[in-house]
Every structure is written in structure tokens, then in C-alpha cells.
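A.B. asks: Count the sequence shown with the numbering used here and you get residues 16 to 171, in order.
Note that CB positions come from ideal geometry on N, CA and C, so glycine has one too.
Below you will find the structure I want to go over with you.
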Amino acid sequence: MRRAEVLMAAGLLAFAVVMLRQALHLPVGWTATGPGAGFFPFWLALGVGVVAVVLLWQAVRMPAAEGALVPVGAWKPLLVVFLPIVAIIALLGVLGLYLGGALYLAGYTRLVGRHRWPFVAAVSVLVPLGLFLIFERWFLLPMPKGAVLEWLLYGR
Numbered sequence: 016m017r018r019a020e021v022l023m024a025a026g027l028l029a030f031a032v033v034m035l036r037q038a039l040h041l042p043v044g045w046t047a048t049g050p051g052a053g054f055f056p057f058w059l060a061l062g063v064g065v066v067a068v069v070l071l072w073q074a075v076r077m078p079a080a081e082g083a084l085v086p087v088g089a090w091k092p093l094l095v096v097f098l099p100i101v102a103i104i105a106l107l108g109v110l111g112l113y114l115g116g117a118l119y120l121a122g123y124t125r126l127v128g129r130h131r132w133p134f135v136a137a138v139s140v141l142v143p144l145g146l147f148l149i150f151e152r153w154f155l156l157p158m159p160k161g162a163v164l165e166w167l168l169y170g171r
């Protein structure tokens, strides 16, 4: 268990260092129009790095634990969450963020949460719609729509 903690903390620290180096290629300070493009990534990477150092320090100091990292019965709930996410990511080019997210939310709220269909329909329509309005309309940031949504919306 301790080895896994150390490896994860070291991996997180390495990720933070890479993020920090990439952020330094952009203006980190204040520009004429506000914070530079690297401002948020820089401070986020710095925060992740500090947390990683604390986690690494704690992991090195903790005594080695006996037993498996994940008990046998705990794999099923992990895979129920993890495998659909992998599938949605793999199908991102086909389904896109909004349709893929709607399918994931519908499946998760119905199968795992065991909610009724009206709730499932509301969540799987309103959350992607809210994300669409925030990213596409408010931030003017196009997100991947996928081939299916492109075909439905634009006939391409």
C-alpha cells in the first residue's frame, strides 16, 4: 500500500512539474487585458505540486501496510465507474462530449443510482445542455460534438 501511495504522489509531482514548465512558456503575469494565458495553469500547477510534495512526504513517513491495495470486493464498483468513462472517451470522436456525457449520466443515474426515469431524463438532458450553454455560448469555446451530433445539427 505504501509503495502505491509513493508512486502516485511521485507521478502527481512529475505531472505538476510538466504543467509548470508548459505554463512558463506563456505569459504568467498581468497583461494589459488582464491575467496572462499562463496565469491560471501556473498557479494550478504550483498548487498541485505543493499537494504532491505533502502527499509524498506523508507516504514516505507512513508505515508499510499489509494486504492488497484494493480488496477483492472493491473492484466491481471501481470498474462500474471506470469502464464506461473509458468507453465514452474512446467514442468521443463519434459521440462527442454532449451526447457521450448524456449517455454516461443516463446509464449511471439509472443503473448505479437506481433513480426513476423522469430524474434520469432530466439529468441527462439538463447537464449537457448547461455545459453546452456555458462553453459554446458563454465562453465561446467549441467542445467536441462528435460525428453523430454534427450530422444531426448540421447535416455533415
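Could you pull the start and end residues of the alpha helix (DSSP H) that Leu-98 belongs to?
C.D. replies: Element bounds for Leu-98: 90-105.
A.B. asks: Give the DSSP bridge partners of Thr-46, in chain order.
C.D. replies: For Thr-46, which the question treats as bridged, DSSP gives the partners Gly-49.
A.B. asks: Short check: CB of Ile-208 to CB of Tyr-123, under 7 Å?
C.D. replies: Missing from the structure shown is residue 208; the chain here goes from 16 to 171 and no further.
A.B. asks: Given this structure, state the Cα-to-Cα distance separating Arg-129 from Ala-89, to the nearest angstrom.
C.D. replies: If you take the alpha carbons of Arg-129 and Ala-89, they lie about 19 Å apart.
A.B. asks: Got a sec? Which residues, its chain only, sit under 7 Å from Pro-42 by beta carbon, not counting five neighbours each side?
C.D. replies: Here the set comprises Gly-51, Ala-52, Gly-53.
A.B. asks: Go ahead and label Tyr-113 buried or exposed: buried means 16 or more other beta carbons lie within 10 angstroms of its beta carbon, across all protein chains shown.
C.D. replies: Classification of Tyr-113: buried, given that the 10 Å Cβ count is 16 or more.
A.B. asks: Hey, Pro-56 and Ala-38: beta-carbon distance below 7 Å or not?
C.D. replies: Closer than 7 Å, so yes.
A.B. asks: Less than 8 Å between C-beta atoms, sequence neighbours within five positions excluded: which residues of the same chain meet that for Gly-170?
C.D. replies: Counting only Cβ-Cβ distances below 8 Å, and skipping sequence neighbours, we find nothing.
A.B. asks: Give the C-beta separation of Pro-143 and Gly-116 to the nearest angstrom, bearing in mind that I take them to be a contact with Cβ-Cβ under 8 Å.
C.D. replies: Pro-143 to Gly-116, Cβ: 5 Å. Contact.
A.B. asks: Buried or exposed: Leu-93, going by 16 or more other Cβ atoms within 10 Å of its Cβ?
C.D. replies: With fewer than 16 other Cβ atoms within 10 Å, it is exposed.
A.B. asks: Assign Gly-246 to one of two classes, buried (16 or more other C-beta atoms within 10 Å of its C-beta) or exposed (fewer than that).
C.D. replies: The structure shown does not extend to residue 246, since the chain spans only 16 to 171, so no value can be given for it.
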